[in-house]
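Novice: Please see the structure below; I have some questions.
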Amino acid sequence: MLEEYKKKHTKPLVQHLILELNGDILETDEALFSISKNENIANIHPFFETLSTLLNTNNEDFNFSCIHLNIGNYTAICDIIIKTFSSDKKPLLIIHDLTEHYKTYQTTAQVRNESVINSQILELKNNYLKEKEAFKNTFIANFSHELRDPLTGILTFSDILSKTSLTAQQKDYIQILNSSSSFLKQMIDDILDISKIEAGKLELTIEPFSLSDLLEELKLNYTLKAKQKGIEFNYNFDTNLPQIVGGDSKRLRQVITNLLDNAIKFTPEGSVTLNVSLNQIRAQKASIHFEIIDTGIGIKKEHYKDIFSSFTQVSENDNYKGTGLGLAIVKYLVELTNSKVNVESELGKGTTFSTSINFLAHSGLKLTQQKKQTDIEFNPNKKYNILLVEDSEITQLSVLKILATKGQFFLDIASNPDDVISRISTFENEVDLILMDIKLKEHNGEDIAKQIRSLPERQHRKIPIIAMTAKVFKEDFKRYKKAGINDVLKKPFNERQFLKKLSEHLN
Ligand code: ADP
1 MLEEYKKKHT KPLVQHLILE LNGDILETDE ALFSISKNEN IANIHPFFET
51 LSTLLNTNNE DFNFSCIHLN IGNYTAICDI IIKTFSSDKK PLLIIHDLTE
101 HYKTYQTTAQ VRNESVINSQ ILELKNNYLK EKEAFKNTFI ANFSHELRDP
151 LTGILTFSDI LSKTSLTAQQ KDYIQILNSS SSFLKQMIDD ILDISKIEAG
201 KLELTIEPFS LSDLLEELKL NYTLKAKQKG IEFNYNFDTN LPQIVGGDSK
251 RLRQVITNLL DNAIKFTPEG SVTLNVSLNQ IRAQKASIHF EIIDTGIGIK
301 KEHYKDIFSS FTQVSENDNY KGTGLGLAIV KYLVELTNSK VNVESELGKG
351 TTFSTSINFL AHSGLKLTQQ KKQTDIEFNP NKKYNILLVE DSEITQLSVL
401 KILATKGQFF LDIASNPDDV ISRISTFENE VDLILMDIKL KEHNGEDIAK
451 QIRSLPERQH RKIPIIAMTA KVFKEDFKRY KKAGINDVLK KPFNERQFLK
501 KLSEHLN
């Protein structure tokens with residue numbers, strides 16, 4: 001019974017044929033297609049034309065896979081086996097119809113190929129985006145570097161100019177020059193910060209610092225700024241706040257000043273308030289809450305999210321200048337501490353930005369001894385020989401002018417390695433310090449520093465080298481150190497920063 005059903009319902013997939021040695025068909029079933037006896041196999045499909053030599057072998061098996069057959073109405077993809085024997089047994093031809101199998105296989109292979117191709121396209125796209133990103137970040141870093149030389153010139157000369165005898169009007173002009181260049185410097189710093197953030201290179205530096213000093217300084221600065229704008233500045237600092245905490249003071253200052261600057265900028269009348277309170281101290285960590293409240297123009301609710309994106313400004317009033325980077329930086333810095341910035345605002349009534357940040361807080365935190373603001377001192381009985389390696393005329397002139405005001409420096413200038421080495425070796429008096437621009441037009445300051453560090457004379461090898469550069473990423477510092485550079489003076493610098501750095505290496 002079962003056999004009968006099988007016969008009825010199973011679709012046969014294999015046809016057997018017994019052949020003569022010349023290819024004539026002796027016997028066949030009709031499992032796949034019908035064919036008349038005595039017909040030569042070579043006539044039914046071109047594939048079989050090549051078989052005649054194989055049919056004359058002894059005891060061999062020949063396997064052919066994936067053969068497309070087209071015989072009358074029958075089309076299929078088959079595996080074909082030819083078996084030959086040694087006695088007078090005739091060769092056997094087995095045709096195995098594997099159409100379904102090959103079709104499924106083809107579809108799977110196609111899907112697989114498509115997914116391989118898609119993943120390759122994705123990889124290409126990713127590489128393209130990465131390259132674009134890297135190009136953008138290098139461009140920004142180089143471009144801002146180029147801006148720093150002229151800016152150093154402006155800052156130094158307006159500083160020098162302000163110390164000459166000026167009329168009241170000239171003093172006002174200098175004031176404008178100063179505030180414009182400070183604003184420009186701030187923008188360059190912000191753009192560099194954003195490029196660092198986007199490259200994932202901005203990290204926090206956790207060190208003990210005086211929270212009370214920082215708040216005191218903010219209080220003085222913003223009382224003044226608010227007064228200049230004709231609005232009020234209020235502050236409430238919790239008396240329980242720890243005086244010394246561990247955290248990144250520079251970045252905390254950046255967060256609060258960005259928020260306070262905005263508050264003052266967007267508040268035409270009324271007040272700006274800075275509230276700082278202690279949430280709790282637990283497990284040697286203090287959670288401190290900062291709140292910046294203003295009575296300014298306010299922000300629409302639908303803009304809450306946009307204001308934290310880079311280069312976004314939502315105020316409809318074009319009179320407010322800015323780059324739209326401040327809040328993007330604030331958000332990123334606060335998120336680095338695993339916290340977030342909240343905003344609450346009412347249009348025309350005012351805005352409150354707030355955040356809670358964790359700081360280290362325990363009795364073991366000690367401030368590292370920092371030199372006081374005032375102590376830039378040089379030995380009054382000494383004259384110093386400074387070698388400046390620099391090819392920008394503006395910076396050469398700026399350094400020259402600053403040193404001239406002190407009257408105890410000799411300055412020599414070189415701009416290529418040969419000159420540097422010969423100046424060091426032949427300078428009448430020993431060179432006391434080398435100021436090295438890193439990005440000379442035709443040379444690299446790091447390479448020159450390496451050459452100096454491999455000079456034969458010990459006293460030449462030991463001359464302090466200060467790099468002057470705008471490239472101050474962590475990995476840049478590592479490279480400078482490896483090249484034998486002792487310290488870095490960040491461009492743009494002002495007179496005070498310049499002399500301070502020199503004093504640290506000359507006394
Ligand atoms: P910028 O101040 O340079 O424009 P920010 O990223 O600091 O850039 O701010 C983005 C935008 O958010 C501002 O241009 C302004 O439209 C809005 N904004 C920020 N702070 C305030 C505030 N205190 N009051 C009203 N609007 C604000």
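Heads up: the sequence shown begins at 1 in the numbering used here, then just goes up one per residue.
We treat Cβ as the ideally placed atom computed from N, Cα and C, and that holds for glycine.
The structure presented is a predicted model; accordingly, all values stated were derived computationally and were not measured.
Since Ile293 and Thr273 should fall inside the 8 angstroms C-beta cutoff, what is the C-beta to C-beta distance between them, to a whole number of angstroms?
Specialist: The Cβ separation is near 4 angstroms, so the contact holds.
Novice: Relative to the ligand ADP, is the shortest distance from any of its heavy atoms to the C-beta of Asn262 smaller than 6 angstroms?
Specialist: It does: the Cβ of Asn262 is within 6 angstroms (strictly closer) of some heavy atom of the ligand ADP.
Novice: What are the complete beta strand (DSSP E) segments, minimum 3 residues, inside the stretch 323-366?
Specialist: Runs found: 342-346, 350-360.
Novice: Three or more beta-carbon pairs under 8 angstroms between the stretch 206-217 and the stretch 244-263, yes or no?
Specialist: As far as the Cβ criterion goes, the stretch 206-217 touches the stretch 244-263, which means the pair count is three or higher.
Novice: In terms of residue numbering, what span does the beta strand (DSSP E) encompassing Phe143 cover?
Specialist: First-last for Phe143: 99-162, but that is the alpha helix (DSSP H), not the beta strand (DSSP E).
Novice: If you draw a straight line from the C-alpha of Leu347 to the C-alpha of Asn262, how long is it?
Specialist: Whole-angstrom Cα-Cα distance: 15 angstroms.
Novice: So, is Gln15 buried or exposed, given that buried needs 16 or more other C-beta atoms within 10 angstroms?
Specialist: By the 10 Å Cβ count, Gln15 comes out buried.
Novice: Nearest-angstrom Cα distance between Phe183 and Ile176?
Specialist: Between Phe183 and Ile176, the C-alpha separation is close to 11 angstroms.
Novice: What three-state label does DSSP hand Phe410 in the structure shown?
Specialist: Strand.
Novice: Sort out for me which residues DSSP pairs Leu19 with in a bridge.
Specialist: Answer is Ile25.
Novice: I need the DSSP call for Lys371, collapsed to helix, strand or coil.
Specialist: Confidence at Lys371 is low in this model, with a pLDDT of 49, below 50, so its placement is unreliable and the value that follows should be read with caution. Three-state result, Lys371: coil.
Novice: Between the alpha carbons of Lys132 and Phe311, how many angstroms are there, rounded?
Specialist: Taking the straight line joining both Cα atoms gives about 19 angstroms.
Novice: Count the other CB atoms, across all protein chains shown, that sit within 10 Å of the CB of Gly72; report buried if there are 16 or more and exposed otherwise.
Specialist: By the neighbour-count rule (16 or more Cβ atoms within 10 Å), Gly72 is not buried but exposed.
Novice: Would you tell me roughly how many angstroms separate the C-alpha atoms of Leu32 and His68, rounded to the nearest one?
Specialist: If I take the Cα positions, the gap works out to 14 angstroms.
Novice: At the level of alpha carbons, what is the spacing between Leu2 and Asp29?
Specialist: The straight-line gap from Cα to Cα measures roughly 21 angstroms.
Novice: Which partner residues does Asp47 have in the DSSP bridge list?
Specialist: Note that residue 47 is Phe in the sequence shown here, rather than Asp. DSSP lists no partner for Phe47.
Novice: Out of Ser422, Phe477, Leu489, Gln408, state which residue places its alpha-carbon closest to the alpha-carbon of Met436.
Specialist: Minimum Cα distance to Met436 is reached at Leu489.
Novice: Taking 6 angstroms as the cut-off, is the CB of Gln254 close to at least one heavy atom of the ligand ADP?
Specialist: No, the Cβ of Gln254 stays beyond 6 angstroms of every heavy atom of the ligand ADP.
Novice: Measure the CB-CB distance between Ile402 and Ile434 and report whether it falls below 7 angstroms.
Specialist: Their beta carbons are not under 7 angstroms apart, which means Ile402 does not touch Ile434 by this criterion.
Novice: Is any heavy atom in the ligand ADP found nearer than 6 angstroms to the beta carbon of Asp294?
Specialist: Yes, the Cβ of Asp294 comes within 6 angstroms of a heavy atom of the ligand ADP.
Novice: Using 6 angstroms as the cut-off, classify the Cβ of Gln186 as near or not near the heavy atoms of the ligand COA, replying yes or no.
Specialist: For the structure depicted, the ligand COA is absent and the ligand set comprises only the ligand ADP.
Novice: When you compare only the Cα positions, how much space is there between Lys136 and Asn178?
Specialist: Cα to Cα, Lys136 sits roughly 30 angstroms from Asn178.
Novice: Under 7 angstroms Cβ to Cβ from Lys371, same chain only, skipping five residues before and after it: list those, please.
Specialist: Below a pLDDT of 50, predicted positions are generally treated as unreliable, and Lys371, at 49, falls in that range; no measurement from the model is reported.
Novice: Who are the near neighbours of Asn63 in its chain, counting only those whose CB is closer than 6 angstroms to its CB and skipping five residues on each side?
Specialist: Closer than 6 angstroms at Cβ, skipping near neighbours: Ile81.
Novice: In whole angstroms, what is the alpha-carbon distance linking Tyr320 and Glu344?
Specialist: Cα to Cα, Tyr320 sits roughly 21 angstroms from Glu344.
Novice: If you count every other CB in all the chains shown that lies within 10 Å of the CB of Arg148, and 16 or more means buried, which is it?
Specialist: Looking at its Cβ environment, which holds 16 or more other Cβ atoms inside 10 Å, Arg148 is buried.
Novice: Quick one: measure Cβ to Cβ for Asn385 and Glu430, integer angstroms, because I've assumed they're closer than 8 angstroms.
Specialist: About 7 angstroms; that satisfies the 8 angstroms criterion.
Novice: So, under 8 angstroms CB-CB, Glu291 and Ser354 are touching, yes? Tell me the CB distance rounded to an integer number of Å.
Specialist: Contact flag correct, Cβ pair sits at about 4 angstroms.
Novice: Give me the residue from Glu316, Asn70, Val334, Tyr105 with the minimum Cα distance to Ile288.
Specialist: Comparing Cα positions, the closest option is Val334.
Novice: Please confirm whether Ile448 and Pro417 have their CB atoms less than 7 angstroms apart.
Specialist: For Ile448 and Pro417, yes; Cβs fall inside 7 angstroms.
Novice: Could you tell me the boundaries of the alpha helix (DSSP H) in which Ser425 lies?
Specialist: 417-426 is the extent of the alpha helix (DSSP H) around Ser425.
Novice: Give me the Cα-Cα distance between Asp419 and Ser425, rounded to the nearest whole angstrom.
Specialist: Cα-Cα distance, rounded: 10 angstroms.
Novice: Measuring straight from C-alpha to C-alpha, what distance separates Tyr105 and Leu54?
Specialist: The straight-line gap from Cα to Cα measures roughly 29 angstroms.
Novice: DSSP three-state call for Glu442: helix, strand or coil?
Specialist: DSSP places Glu442 in coil when its eight states are reduced to three.
Novice: Evaluate Leu166 with the Cβ neighbour count: other Cβ atoms within 10 Å of its Cβ, from every protein chain shown; 16 or more gives buried, anything less gives exposed.
Specialist: It counts as exposed.
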